[in-house]
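First residue of the sequence shown: 0, per numbering that gives the first Met the number 0; consecutive thereafter.
Take a look at the structure below.
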Amino acid sequence: MKRRQFVGGLAAAASVAACTGEGPECESGAAQSSEMFEWSCVTSWPPKYPGLGIAVNNLAERVEAASDGRLKIKVYGGGELVPAFEAFDAVSRGTVEMGHDASYYHKGKIAAAQFFTAIPFGMNAAELNGWFYYGGGIELWRELYAPFDIVPFPCGNTGVQMGGWFNREINSAKDLEGLKMRIPGLGGEVIRRAGATPVTLPGSEIFTSLQTGAIDATEWVGPYNDVAFGLHKAAKYYYYPGWQEPGAGLELMVNSEAWASLPPELQALVELAAQAITTDMLAEYTHGNALALQQLKDNPDIEVRPFPDDVLRVLKGHTQDIVDEQSASDPAWKKIAESYYAFMNKSTDNQMATEVAFLNTRAL
Ligand code: CA
C-alpha cells in the first residue's frame with residue numbers, strides 16, 4: 000500500500016489507500032484523515048550542526064514518524080534555501096512553512112524578541128522554561144509575533160554559554176575598549192557601551208574572522224560547539240561565564256496560515272515535538288560541553304578563566320540601563336520586560352538555595 004502521496008505545499012492529497020480488511024493499516028489512526036503535508040523548514044545553522052542544527056532534524060524525523068508520514072518536514076541549513084538570517088522573513092511571507100533560529104536575530108525588527116532567546120544577566124534554561132510554559136512567556140511571544148503571521152514555539156536551549164574566545168586578556172573593563180567582537184543580541188549593545196565594537200556573523204564565518212584578525216574576540220555557544228568550529232585554534236583565552244546568554248532558547252517559527260491548515264492532532268504533535276527538542280537539546284549540550292571543556296582544560300595552549308567580577312559588574316550596569324531605556328520608549332518591550340523580571344526576581348532565591356548551593360556542596 001502506498002500511503003505517502005505528497006503533493007507539496009499546503010495542499011492535501013486527494014486520497015489515501017483503503018484498508019483491505021487486515022494488517023496494521025486497518026488499525027492505525029491514518030485512516031482518520033487523508034490530509035498530508037510537505038513542509039520546508041529553513042534554519043540559521045550550518046546543516047546538521049551539533050546541538051542547534053541536529054535538533055531540527057530530530058524534530059522533522061520525529062514528526063514524520065509519529066504522524067505516519069502525514070507531516071513531512073524538509074530541513075535546510077542556513078544559506079541553502081534562504082540566507083542564514085532571513086528565516087524569519089521567509090516564514091512571515093509564507094515562502095516556507097517553518098523556520099528554526101534564535102529570536103534575538105530579529106532585534107532590528109522587534110527589539111523585544113530578544114527576551115525569548117536570552118537577556119544578559121537574565122534567566123537560565125530552567126527558569127526560561129518555567130516562564131515560557133507556566134509564567135505566560137509563550138502567550139507574550141505569540142502576541143509579539145502575530146503581526147508577522149508567525150506562531151513561535153520554544154524549541155531548544157543551549158544552557159549557560161561561555162563568555163567567549165579572546166585574543167587578548169581581559170583584566171579590567173578598560174580592556175574591552177576598542178575590542179571588535181562577534182556577539183549578537185543585547186549582549187552586543189552592552190559591550191558597545193563598554194567601548195567595544197559588536198558584530199553579528201553567522202556561525203559559519205566566525206572561525207575565519209577570528210583567525211584572520213578581522214575580529215579580536217567572539218562568543219559562540221559553549222565548549223561543545225566552539226571546539227567543533229575549531230575556535231580554540233584561533234584564540235588563546237576562553238572566558239566564562241556566558242553573562243550575555245545564560246540559557247539561550249531557540250525558536251521554532253510556523254507561518255500562521257500553515258499552522259491553521261494543520262488538523263488538531265498534527266498541531267499537537269508539532270507542539271509536543273518542539274517541547275521534546277527543548278529537553279533533548281539541553282541534554283546534548285550538557286553531555287557534549289562536559290567532555291569538550293575537559294579537553295580544553297587539558298590543552299596547554301588554552302587558558303580557561305573567569306571574567307573578573309569588576310568587568311561583570313560594569314556589563315551588568317550597562318544591561319540594566321539598556322533595559323530601562325528601551326522600556327521607556329517601547330511598550331511591547333516594557334510589557335514583556337515586566338513579566339520576565341517579575342518572575343526572574345522571584346526565582347533567584349530559589350536557584351541560589353537549590354542549584355547553586357547544591358553544586359557548591361558537590362564541589363567541596
Ligand atoms: Ca552565543
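The C-beta atom is built at its ideal place from N, Cα and C for all residues, glycine as well.
Quick caveat: nothing in here was measured; it's all calculated off a predicted structure.
Does the Cβ-Cβ distance between VAL81 and VAL55 come in under 8 Å? As a working note, residue 81 is residue 82 in the sequence shown. As a working note, residue 55 is residue 56 in the sequence shown. Taking 8 Å as the Cβ cut-off, VAL81 and VAL55 do not qualify as a contacting pair.
If you follow the beta strand (DSSP E) that GLU37 is in, where does it begin and where does it stop? Sequence index remark: in the sequence shown, residue 37 carries index 38 (1-based). Segment 36–42, the beta strand (DSSP E) holding GLU37.
What does DSSP give as the partner residue(s) for LEU70 in the beta ladder? Taking the first residue of the sequence shown as position 1, residue 70 is located at position 71. Per DSSP, PHE36.
beta-carbon ALA247 near ligand 1 non-hydrogen atom, thresh 7 Å: What you label residue 247 is simply residue 248 of the sequence shown in a count that begins at 1. Correct: ALA247 has its Cβ closer than 7 Å to ligand 1.
Any heavy atom of ligand 1 closer than 7 Å to the Cβ of TRP164? Here residue 164 refers to the residue found at position 165 when the sequence shown is read from its first residue. It does not: the Cβ of TRP164 is nowhere closer than 7 Å to a heavy atom of ligand 1.
Please find out if some non-hydrogen atom of ligand 1 comes closer than 7 Å to the beta-carbon of LEU160. Counting from one through the sequence shown, the residue named residue 160 turns up at place 161. As written in the sequence, residue 160 is Gln, which differs from the Leu given in the question. Answer for GLN160: yes, Cβ within range of ligand 1.
Is any heavy atom of ligand 1 found at a distance shorter than 7 Å from the C-beta of GLU244? Position 245 of the sequence shown, counted from the start, is the residue given in the question as residue 244. Short note on GLU244: C-beta closer than 7 Å to some heavy atom of ligand 1.
Closest to VAL159 by CA distance: which of GLY246, PHE342, THR116 is it? For the purposes of this step, residue 159 is identified with residue 160 of the sequence shown, where counting begins at 1. Checked all of GLY246, PHE342, THR116; the closest Cα to VAL159 is GLY246.
Closer than 7 Å: is that where the CB of VAL189 sits relative to any heavy atom of ligand 1? What you label residue 189 is simply residue 190 of the sequence shown in a count that begins at 1. Checking every heavy atom of ligand 1 against the Cβ of VAL189, none is found closer than 7 Å.
Could you give the first and the last residue of the continuous beta strand (DSSP E) run that contains ARG304? As a position in the sequence shown, residue 304 is number 305, starting the count at 1. Per DSSP, ARG304 belongs to the beta strand (DSSP E) from 302–305.
Given ASP329 as reference, the closest of PHE36, PRO151, ALA112 once Cα atoms are compared: What you label residue 329 is simply residue 330 of the sequence shown in a count that begins at 1. The candidate whose alpha carbon is nearest that of ASP329 is ALA112.
Pairwise C-alpha distance: SER346 and GLU126: Start at 1 with the first residue of the sequence shown, and residue 126 comes out as number 127. Start at 1 with the first residue of the sequence shown, and residue 346 comes out as number 347. Taking the straight line joining both Cα atoms gives about 7 Å.
Taking the alpha-carbon positions, what's the ALA291 to VAL226 distance? Reading the sequence shown from its first residue, position 292 is the one you call residue 291. Reading the sequence shown from its first residue, position 227 is the one you call residue 226. Rounded to whole angstroms, ALA291 to VAL226 spans 7 Å at the Cα level.
Where does GLY121 sit, in a helix, a strand or coil, going by DSSP? Translated into positions along the sequence shown, residue 121 becomes position 122. In the structure shown, GLY121 sits in coil (DSSP, three-state: anything other than H, G, I, E or B).
Taking SER203 as the reference, which of PRO222, PRO45, GLU188 has the closest Cα? Taking the sequence shown and counting its residues from 1, one reaches residue 203 at position 204. Comparing Cα positions, the closest option is PRO45.
Taking the alpha-carbon positions, what's the LYS173 to GLY107 distance? One-based indexing of the sequence shown puts residue 173 at position 174. One-based indexing of the sequence shown puts residue 107 at position 108. When rounded, the distance between both Cα atoms is 28 Å.
Going by alpha carbons, who is nearest to GLU142 out of PRO197, TRP332, THR278, ASN359? The residue labelled residue 142 in the question sits at position 143 within the sequence shown. Residue TRP332 is the option with its Cα nearest to GLU142.
Grouping DSSP H, G and I as helix and E and B as strand, with all else coil, what is ALA270? For the purposes of this step, residue 270 is taken as residue 271 along the sequence shown, with counting starting at 1. Checking the sequence, you will find Glu at residue 270 rather than Ala. Helix.
Taking the C-alpha atoms as reference points, what is the distance between ALA352 and ASN359? Position 353 of the sequence shown, counted from the start, is the residue given in the question as residue 352. Position 360 of the sequence shown, counted from the start, is the residue given in the question as residue 359. Taking the straight line from one Cα to the other gives about 10 Å.
Measure from the alpha carbon of LEU186 to the alpha carbon of each residue in TRP219, GLY155, CYS154, ASN156, then state which is nearest. Translated into positions along the sequence shown, residue 186 becomes position 187. Per the sequence shown, residue 186 should be read as Gly rather than Leu. Per the Cα distances, TRP219.
Backbone CA spacing between ARG192 and ARG92 [nearest angstrom]: Start at 1 with the first residue of the sequence shown, and residue 192 comes out as number 193. Start at 1 with the first residue of the sequence shown, and residue 92 comes out as number 93. Going from the Cα of ARG192 to the Cα of ARG92 covers about 35 Å.
Report the option in PRO119, ILE109, GLU302 whose CA atom is closest to the CA atom of ASN166. In the sequence shown, the residue the question calls residue 166 occupies position 167. With distances taken between Cα atoms, ASN166 lies closest to GLU302.
Near GLU270, what residues of its chain come up, given a Cβ to Cβ distance below 8 Å and the 5 sequence neighbours on each side ignored? Reading the sequence shown from its first residue, position 271 is the one you call residue 270. Excluding sequence neighbours, GLU270 sits near PHE152.
Cβ-Cβ distance between TYR103 and SER43 below 8 Å: Reading the sequence shown from its first residue, position 104 is the one you call residue 103. Reading the sequence shown from its first residue, position 44 is the one you call residue 43. If you check the CB distance, TYR103 and SER43 do not come in under 8 Å.
For a minimum of 3 consecutive residues, which ranges assigned as the beta strand (DSSP E) are wholly contained in the stretch 225–255? 236–239, 248–254
Tell me, to the nearest whole angstrom, how far the beta carbon of ALA110 is from that of GLY98; I am working on the premise that it is less than 8 Å. Here residue 110 is taken as the residue at index 111 of the sequence shown, counted from 1. Here residue 98 is taken as the residue at index 99 of the sequence shown, counted from 1. Not a contact, Cβ separation roughly 19 Å.
Is GLU218 near ligand 1, going by C-beta to nearest heavy atom under 7 Å? Locating residue 218 in the sequence shown gives position 219, where the first residue counts as 1. Indeed, a heavy atom of ligand 1 lies less than 7 Å from the Cβ.
Collapsed DSSP secondary structure at GLY163 in the structure displayed: Along the sequence shown, one-based indexing puts residue 163 at 164. Strand at GLY163.
Could you give the first and the last residue of the continuous alpha helix (DSSP H) run that contains ASP308? Locating residue 308 in the sequence shown gives position 309, where the first residue counts as 1. Looking at the DSSP string, the run of the alpha helix (DSSP H) that includes ASP308 is 308–328.
Does the distance from the CB of LEU175 to the CB of ILE205 come in under 8 Å? In the sequence shown, residue 175 corresponds to position 176, counting from 1. In the sequence shown, residue 205 corresponds to position 206, counting from 1. Contact: no.
For PHE114, which option in GLU354, PHE357, ASP348, MET343 has the closest C-alpha, if you only look at C-alpha atoms? Sequence index remark: in the sequence shown, residue 114 carries index 115 (1-based). Ranking the options by Cα distance to PHE114, first place goes to MET343.
Could you round the C-beta distance between SER255 and ILE149 to whole angstroms and report it? I think they count as a contact, below 8 Å. Reading the sequence shown from its first residue, position 256 is the one you call residue 255. Reading the sequence shown from its first residue, position 150 is the one you call residue 149. Contact holds; Cβ gap of about 7 Å.
Any idea what DSSP makes of ASP100, helix, strand or coil? The residue given as residue 100 occupies position 101 in the sequence shown. The answer is strand: DSSP assigns ASP100 an E or B state.
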